[in-house]
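Reading through the structure tokens given below for one structure.
There are 2 protein chains.
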Amino acid sequence: MTARERGELRKSTIADVAERAGVSIKTVSRVINREPKVRQETRDRVERAITDLRYRPNSPGRMLASRRSYNLGLIYNANSSYINSIQNGALDACRSEHYDLLIHPCDYRSPDIAEEIAELVTGSKVDGLLLVPPVSDLPAVRHLLDTGNMPYVTISGMTTASGEWSVGTNDREVSASMVSYLAALGHRRIAFVRGHPDHKAMSRRYQGFLEGMQANSVDVIDGFVVQGENIFQSGIDCGRRLLQQSPRPTAVFCANDHMAAGVMAIAHESGVSLPKELSVAGFDDIPLAGQIWPALTTIRQPLREMASLAATLLIQRLRGNETDNVARVVDAELVTRASTAAPASPD
Amino acid sequence: MTARERGELRKSTIADVAERAGVSIKTVSRVINREPKVRQETRDRVERAITDLRYRPNSPGRMLASRRSYNLGLIYNANSSYINSIQNGALDACRSEHYDLLIHPCDYRSPDIAEEIAELVTGSKVDGLLLVPPVSDLPAVRHLLDTGNMPYVTISGMTTASGEWSVGTNDREVSASMVSYLAALGHRRIAFVRGHPDHKAMSRRYQGFLEGMQANSVDVIDGFVVQGENIFQSGIDCGRRLLQQSPRPTAVFCANDHMAAGVMAIAHESGVSLPKELSVAGFDDIPLAGQIWPALTTIRQPLREMASLAATLLIQRLRGNETDNVARVVDAELVTRASTAAPASPD
DNA sequence: GTGAAAGCGCTAACAG
DNA sequence: CTGTTAGCGCTTTCAC
Chain U
1 MTARERGELR KSTIADVAER AGVSIKTVSR VINREPKVRQ ETRDRVERAI TDLRYRPNSP
61 GRMLASRRSY NLGLIYNANS SYINSIQNGA LDACRSEHYD LLIHPCDYRS PDIAEEIAEL
121 VTGSKVDGLL LVPPVSDLPA VRHLLDTGNM PYVTISGMTT ASGEWSVGTN DREVSASMVS
181 YLAALGHRRI AFVRGHPDHK AMSRRYQGFL EGMQANSVDV IDGFVVQGEN IFQSGIDCGR
241 RLLQQSPRPT AVFCANDHMA AGVMAIAHES GVSLPKELSV AGFDDIPLAG QIWPALTTIR
301 QPLREMASLA ATLLIQRLRG NETDNVARVV DAELVTRAST AAPASPD
Chain C
1 MTARERGELR KSTIADVAER AGVSIKTVSR VINREPKVRQ ETRDRVERAI TDLRYRPNSP
61 GRMLASRRSY NLGLIYNANS SYINSIQNGA LDACRSEHYD LLIHPCDYRS PDIAEEIAEL
121 VTGSKVDGLL LVPPVSDLPA VRHLLDTGNM PYVTISGMTT ASGEWSVGTN DREVSASMVS
181 YLAALGHRRI AFVRGHPDHK AMSRRYQGFL EGMQANSVDV IDGFVVQGEN IFQSGIDCGR
241 RLLQQSPRPT AVFCANDHMA AGVMAIAHES GVSLPKELSV AGFDDIPLAG QIWPALTTIR
301 QPLREMASLA ATLLIQRLRG NETDNVARVV DAELVTRAST AAPASPD
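Chains U and C, in that order, give the protein sequences.
Each residue of the first sequence is one higher than the one before, counting from 1 in the numbering used here.
Each residue of the second sequence is one higher than the one before, counting from 1 in the numbering used here.
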């Protein structure tokens with residue numbers, strides 16, 4: 001009678017299982033790890049013992065012996081509002097590959113951020129890293145990734161460094177297509193609210209705006225491009241500045257949804273009717289976009305899918321399945337809702 | 001010359017540090033773990049060696065030997081929209097106590113959810129659990145917690161079981177005070193949108209609504225209490241039903257902010273002006289609440305603080321600092337914004 | 001197919 | 001205050 005059967009608290013170990021099944025611990029290990037070379041009859045016997053004893057492999061023991069944690073580390077800036085989707089995507093992949101996710105928010109202005117990240121890998125808490133901007137764009141972090149010999153994949157990062165493992169999206173192209181959409185509605189006075197300068201993706205969106213304007217032969221008007229900071233309040237501020245222009249823009253394209261919500265709030269407050277007098281468009285398609293009124297036309301950045309793909313790539317990398325194409329791009333798509341319409345009085 | 005100094009990839013171990021500092025590995029261990037009884041001079045020497053060798057303690061080694069993971073597991077339902085605040089709160093506490101957070105979303109309808117959770121603890125991946133409803137309210141999970149001998153703290157859960165480690169909030173009382181606030185504005189036709197029946201906290205909010213109505217001698221009107229499901233769309237549905245009543249309610253109190261946003265959207269769409277013709281109030285104070293227009297009057301549920309407290313309690317529990325008062329309550333507070341006002345034509 | 005032996009890197013218990 | 005010894009529970013290596 002084992003300790004377990006006597007109702008004692010001691011967890012059963014691989015040795016208990018081996019004894020009960022009448023095999024060696026190595027064989028139990030093989031069964032646990034789904035190794036092929038075990039006779040079916042033996043496998044069954046071991047599995048029965050495992051069930052009977054309610055055996056569950058001890059994670060630290062396995063980690064120590066195998067030198068793998070089966071954990072991925074998700075590194076992000078502490079107050080990112082996008083982390084939810086990314087996390088969910090990463091979890092989607094982890095779940096199917098039997099990995100766990102250790103989340104590690106950090107202050108991207110902290111001086112020893114690279115040290116902190118390195119410790120996760122060097123201390124064997126995680127096998128690899130998933131990184132999100134702006135943390136992933138920091139020089140110190142770049143240097144760590146380039147030289148530190150640690151498996152990683154970035155999500156939505158700079159995508160400039162060659163050989164970098166990354167998953168990105170087509171910010172620029174799709175931003176241009178938003179401008180085309182607005183132009184097709186008849187807008188000629190189109191404003192743009194730029195995103196935070198520390199986020200490289202934001203510059204790409206601005207580039208896309210410029211390209212779209214040019215492609216549609218719409219002039220970029222002085223004072224119609226304003227600098228925001230990605231948050232709601234800066235949308236309010238930028239919106240106020242834009243509404244003071246005369247003539248006003250008929251459409252505002254914002255580099256993210258939070259700022260678009262701010263622009264809409266100030267428009268409401270100023271008695272500017274949406275979308276009749278002002279069309280507003282955002283970028284990201286956060287949940288808010290569908291829940292404000294009028295519902296926001298935006299661009300769905302497939303963050304969850306991107307993160308899932310990133311985690312899958314990372315796990316492949318950890319397994320040594322080297323792939324040639326390590327920089328992947330997932331397409332974003334235009335989502336038209338009620339916040340955009342033809343301008344009331346086309347030029 | 002050590003391997004490290006030769007630029008090799010092998011990570012240095014406690015033995016390397018001991019050798020370099022001229023002490024035993026046990027002394028190095030003491031320094032790492034901040035144990036008191038080490039002479040300052042020795043400590044300095046060890047610390048220098050650690051720096052020189054870029055030594056970082058191997059987590060699995062320490063986990064295996066100490067039988068602790070220094071990880072907390074955060075268990076929540078996969079598509080919870082509140083998890084962000086909770087996660088951040090838990091991380092606040094973890095960070096200062098040198099714990100890491102392993103996140104574990106699950107499908108609360110899954111039959112083997114208890115097994116899944118048990119495995120985290122039994123497999124020594126985490127030392128203790130932080131649980132959020134509805135997962136924490138499931139009978140199978142309750143049973144596991146009651147009998148499984150695993151350290152845990154629930155957040156915002158049932159708070160009925162005595163002896164349960166929990167952090168809750170005063171949903172009922174504060175819901176009543178929202179009614180008092182609306183009544184003080186002059187509202188007499190107050191509607192309520194109930195939350196998802198699987199969430200116990202939602203029933204408490206409804207109870208609070210009823211109590212508030214009674215305390216203010218306001219009648220609960222037939223057809224003014226409707227059943228929602230916590231999500232935006234159900235707010236739209238419930239709002240539509242309420243607006244069809246005649247006379248209409250002058251105020252709608254919703255059991256959460258998502259539903260309040262839905263009510264506001266359908267009001268906008270129906271040309272009902274907010275807050276003049278209809279006041280809307282929510283519960284939770286999610287980021288959305290401040291970003292819709294008009295900004296939503298709601299109740300700030302201090303989820304982040306609650307989670308931080310829960311994690312702190314859990315860590316105390318893991319350290320054996322038994323506390324008498326294991327059920328804590330953190331007060332929620334009324335946040336008045338622009339979505340509520342005196343009714344246009346008081347009865 | 002299966003097993004025996006040797007660690008993985010650390011801490012616990014105790015000895016000094 | 002410091003060191004020695006003996007594992008923690010598993011995988012790895014290699015032998016059979």
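Beta carbons: idealized from backbone N, C-alpha and C, even for Gly.
Only a predicted model underlies this, so the values are computations on that prediction, with no experimental measurement involved.
Please list the residues of the segment 115-137 of chain U that have a C-beta atom closer than 7 Å to any C-beta atom in chain C, keeping them in chain order.
-> Those residues of the segment 115-137 of chain U placed with their C-beta closer than 7 Å to a C-beta in chain C are Glu119, Thr122, Gly123, Ser124 and Lys125, ordered along the chain.
Mind listing the chain C neighbours of Arg56 (chain U)? Cutoff is C-beta to C-beta under 7 Å, in chain order.
-> By one-based count along the first sequence, residue 56 (chain U) stands at place 56. What Arg56 (chain U) touches in chain C: Glu119, Thr122 and Gly123.
Report back the beta-carbon spacing between Tyr152 (chain C) and Gly128 (chain C) to the nearest angstrom; my notes put them in contact at under 8 Å.
-> Position 152 of the second sequence, counting from 1, holds the residue named residue 152 (chain C). Position 128 of the second sequence, counting from 1, holds the residue named residue 128 (chain C). The pair is a contact, with the Cβ atoms about 6 Å apart (cut-off 8 Å).
Between Leu102 (chain U) and chain C, is there a C-beta pair that is closer than 7 Å?
-> The residue given as residue 102 (chain U) occupies position 102 in the first sequence. Under the 7 Å criterion on CB atoms, Leu102 (chain U) is classed as interfacial with respect to chain C.
Cutoff 8 Å; reference Gln233 (chain U); Cβ partners in own chain excluding five residues on either side = Position 233 of the first sequence, counted from the start, is the residue given in the question as residue 233 (chain U). Hits under 8 Å: Gly262.
Cβ neighbour criterion (16 or more within 10 Å) applied to Val220 (chain U) = The residue you call residue 220 (chain U) lines up with position 220 of the first sequence. Flag for Val220 (chain U) reads exposed.
Does DSSP put Val301 (chain C) in a helix, a strand or coil?
-> What you label residue 301 (chain C) is simply residue 301 of the second sequence in a count that begins at 1. A small fix is needed here, since residue 301 (chain C) is Gln in this sequence, not Val. Under the three-state reduction of DSSP, Gln301 (chain C) is assigned to coil, being neither helix nor strand.
Pick helix, strand or coil for Ala341 (chain C), following the three-state DSSP scheme.
-> Here residue 341 (chain C) corresponds to residue number 341 of the second sequence, with the count starting at 1. Reduced to three states, the DSSP call for Ala341 (chain C) is coil.
Flag this pair as yes or no: are the beta carbons of Ile117 (chain C) and Leu74 (chain C) separated by less than 7 Å?
-> As a position in the second sequence, residue 117 (chain C) is number 117, starting the count at 1. As a position in the second sequence, residue 74 (chain C) is number 74, starting the count at 1. A distance of 7 Å or more separates the beta carbons of Ile117 (chain C) and Leu74 (chain C).
Any chain C beta carbon closer than 7 Å to Ser273 (chain U) = Locating residue 273 (chain U) in the first sequence gives position 273, counting from the first residue. So no, Ser273 (chain U) is outside the interface.
Does Asn84 (chain C) get closer than 7 Å to chain U when you measure Cβ to Cβ?
-> For this step, residue 84 (chain C) is matched to residue 84 along the second sequence. Cβ-Cβ to chain U under 7 Å: yes for Asn84 (chain C).
What residues from chain U crowd round Lys11 (chain C), counting only those whose CB sits closer than 7 Å?
-> Taking the second sequence and counting its residues from 1, the one referred to as residue 11 (chain C) is at position 11. Annotation: Cβ neighbours of Lys11 (chain C) in chain U (cutoff 7 Å, chain order): Thr122.
Report yes or no: is there a C-beta of chain C within less than 7 Å of the C-beta of Ile221 (chain U)?
-> By 1-based counting over the first sequence, the position of residue 221 (chain U) is 221. No, Ile221 (chain U) does not count as interfacial toward chain C.
Select from the segment 178-209 of chain C all residues with a C-beta closer than 8 Å to any C-beta belonging to chain U, and list them in chain order.
-> Residues passing the 8 Å Cβ filter: none.
Run down chain C in chain order and give the residues with a C-beta less than 7 Å from the C-beta of Pro151 (chain U).
-> Here residue 151 (chain U) corresponds to residue number 151 of the first sequence, with the count starting at 1. By Cβ distance, chain C contributes nothing, its closest Cβ being about 13 Å from Pro151 (chain U), past 7 Å.
Is the CB of Gly61 (chain C) under 7 Å away from at least one CB in chain U?
-> Mapped onto the second sequence, residue 61 (chain C) falls at position 61. Output row for Gly61 (chain C): interface = yes.
Mind checking if His268 (chain U) is an interface residue toward chain C, Cβ cutoff 7 Å exclusive?
-> On the first sequence, residue 268 (chain U) is found 268 positions in, with the first residue counted as 1. So, interface residue.
Residue burial classification, Asn321 (chain C) (beta-carbon count within 10 angstroms, cutoff 16) = Taking the first residue of the second sequence as position 1, residue 321 (chain C) is located at position 321. In this structure Asn321 (chain C) is exposed. Its beta-carbon is surrounded by fewer than 16 other beta-carbon atoms within 10 angstroms.
State yes or no: is the beta carbon of Asp347 (chain U) nearer than 7 Å to at least one beta carbon in chain C?
-> Taking the first sequence and counting its residues from 1, one reaches residue 347 (chain U) at position 347. Bear in mind that a pLDDT of 44 at Asp347 (chain U), under 50, signals an unreliable position, so the model cannot answer this.
Could you check how far apart the C-beta atoms of Ala255 (chain C) and Phe224 (chain C) are, in whole angstroms? I think they sit under 8 Å.
-> Here residue 255 (chain C) is taken as the residue at index 255 of the second sequence, counted from 1. Here residue 224 (chain C) is taken as the residue at index 224 of the second sequence, counted from 1. The pair is not a contact, with the Cβ atoms about 14 Å apart (cut-off 8 Å).
Hey, does Phe232 (chain C) have any beta-carbon neighbour from chain U nearer than 7 Å?
-> On the second sequence, position 232 is the one that residue 232 (chain C) refers to. Yes - at least one Cβ of chain U is within 7 Å of the one on Phe232 (chain C).
Contact the segment 257-276 of chain U vs the segment 235-245 of chain U: 3+ CB pairs below 8 Å = Short answer: they touch.
Identify whether Pro247 (chain C) lies in helix, strand or coil by the three-state DSSP scheme.
-> On the second sequence, residue 247 (chain C) is found 247 positions in, with the first residue counted as 1. If DSSP states are grouped into helix, strand and coil, Pro247 (chain C) belongs with coil.
If you draw a straight line from the alpha carbon of Ser180 (chain U) to that of Leu278 (chain U), how long is it in whole angstroms?
-> Stepping through the first sequence from its first residue, residue 180 (chain U) is reached at position 180. Stepping through the first sequence from its first residue, residue 278 (chain U) is reached at position 278. Straight-line Cα distance between these residues: approximately 17 Å.
Is the CB of Gln301 (chain U) under 7 Å away from at least one CB in chain C?
-> Numbered from 1 along the first sequence, position 301 holds the residue referred to as residue 301 (chain U). False, the Cβ-Cβ gap to chain C never drops below 7 Å.
Locate the beta strand (DSSP E) running through Val225 (chain C), then write down its first and last residues.
-> As a position in the second sequence, residue 225 (chain C) is number 225, starting the count at 1. Unbroken beta strand (DSSP E) run through Val225 (chain C): Val225 to Gln227.
So is the beta-carbon of Asp92 (chain C) under 6 Å away from any non-hydrogen atom of the ligand MN?
-> Ligands displayed in this structure: none; no statement on the ligand MN is therefore possible.
Would you list, in chain order, the members of the segment 276-310 of chain C that have their beta-carbon closer than 9 Å to a beta-carbon of chain U?
-> Within the segment 276-310 of chain C, the residues whose Cβ lies closer than 9 Å to some Cβ of chain U are Pro287, Leu288, Gly290, Gln291, Ile292, Trp293, Pro294 and Ala295, listed in chain order.
List, in order along the chain, the chain U residues whose C-beta lies closer than 7 Å to that of Ala49 (chain C)?
-> Against the second sequence, residue 49 (chain C) aligns to sequence position 49. The premise fails here: Ala49 (chain C) is roughly 16 Å from chain U at the closest Cβ pair, so nothing lies under 7 Å.
Between Ala265 (chain U) and chain C, is there a C-beta pair that is closer than 7 Å?
-> If you number the first sequence from 1, residue 265 (chain U) lands on position 265. Closer than 7 Å to some Cβ of chain C, the Cβ of Ala265 (chain U) qualifies, so yes.
For the segment 311-322 of chain C, enumerate the residues whose C-beta is nearer than 7 Å to any C-beta of chain U, in chain order.
-> From the segment 311-322 of chain C, no residue has a Cβ closer than 7 Å to chain U.
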